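One structure is given below, encoded as structure tokens.
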Amino acid sequence: MHYTQRIPSLTQLVRRAPAAGVLQVLRRLELECQTRAQADEVADEIAALLPDPMKSRLGLIELLLNAIEHGNLEIGTEHKCMLLREHRFDDELMERMESPRYRGRRVRVHVDITYPMIEIQICDEGNGFDWRKVIGADDYAQDNPNGRGIAIVNRTCFPGLSYRDPGNVAIVRVAWPK
């Protein structure tokens, strides 16, 4: 299912029936995004299926934006920091999204449901990164405008967040309380 095919959307289905009921008939969901706006929509749809939608949405949006910015558009952490400080990040983002090198890249999201477990895989088309250095980091630079997202997501939204090597597939597992 592409993010624009929403008749009815997951959010609408979950509003009509408890998410647990929807999850017992829904087995697999596939979505895509390229932009921040699309990532927002994808995060909304998936978060509606999870036990704590608000907290889950925060984690999902962070992982989706990381996949777009760092994975598909290959904007390194230090480069992003410099661009943010110089107030040029949005311009760089748009420039790369329009570049022939990057414009066809998509983030693919696979949601596998084996009630009461949900596994979410967020796959980008980048080269990956050394996620083990980042995921549990306590020493991130607090004065930098970026570089803390994955560690924060792992601590607060999705404990047990992992990646498939080479680091371009984030894996989140969420269990519904029994």
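Quick note: the sequence shown uses the working numbering, first residue 4, plus one each step.
Cβ atoms here follow ideal geometry from the backbone N, Cα and C, with glycine treated the same way.
Since we're looking at a predicted model, the values are computed, not measured.
Inset, instruction - With DSSP as the reference, please indicate the residues paired to Thr-117 in a beta bridge. - result: Met-120
Legend entry - alpha helix (DSSP H) segments (min. 4 residues) lying fully within the region 76 to 106: 80 to 88, 92 to 101
Legend entry - Sequence-distant residues of the same chain with beta carbon closer than 7 Å to Arg-106, five excluded per side: Excluding its 5 nearest sequence neighbours in each direction, Arg-106 has C-beta neighbours in its own chain below 7 Å: Met-100, listed in chain order.
Inset, instruction - Could you tell me whether the region 37 to 44 touches the region 124 to 140, using the rule of 3 or more Cβ pairs below 8 Å? - result: no
Inset, instruction - Report buried or exposed for His-82, applying the criterion of at least 16 other Cβ atoms within 10 angstroms of its Cβ. - result: exposed
Legend entry - Extent of the continuous beta strand (DSSP E) to which Val-172 belongs: 172 to 178
Legend entry - Simplified DSSP state of Arg-151, which is helix, strand or coil: coil
Inset, instruction - Rounded to whole angstroms, what's the CA-CA distance from Leu-53 to Lys-181? Just pull it up for me. - result: 13 Å
Legend entry - Coarse secondary structure for Glu-44, derived from DSSP in three states: helix
Legend entry - 8 Å CB neighbourhood of Tyr-6 in its chain, flanking five on each side removed: With a pLDDT of 47 at Tyr-6, under the threshold of 50, the modelled position of that residue is not reliable, and the figure given next carries that caveat. Result list for Tyr-6: Leu-34, Glu-35, Cys-36, Gln-41, Glu-44, Val-45, Glu-48, in chain order.
Inset, instruction - Output yes or no for whether 9 Å exceeds the beta carbon distance between Arg-176 and Ile-121. - result: yes
Inset, instruction - Output yes or no for whether 9 Å exceeds the beta carbon distance between Gly-62 and Val-156. - result: yes
Inset, instruction - With distances taken Cα to Cα, identify the nearest neighbour of Val-112 among His-90, Ala-70, Gly-79. - result: Looking only at His-90, Ala-70, Gly-79, the smallest Cα-Cα distance to Val-112 is reached by Ala-70.
Legend entry - Ile-80 to Val-137 span [Cα, whole Å]: Contrary to the premise, residue 80 reads as Thr rather than Ile in this sequence. So the two alpha carbons sit approximately 11 Å from each other.
Inset, instruction - Name the two residues that bound the continuous beta strand (DSSP E) containing Arg-158. - result: Segment: none, Arg-158 is in no beta strand (DSSP E) and carries neither H nor E.
Inset, instruction - Using the Cα positions of Gly-170 and Leu-164, report the straight-line distance between them to the nearest angstrom. - result: 12 Å
Inset, instruction - Have a look at Trp-179, Arg-30, Leu-32 and flag the residue whose alpha-carbon is nearest the alpha-carbon of Pro-119. - result: Trp-179
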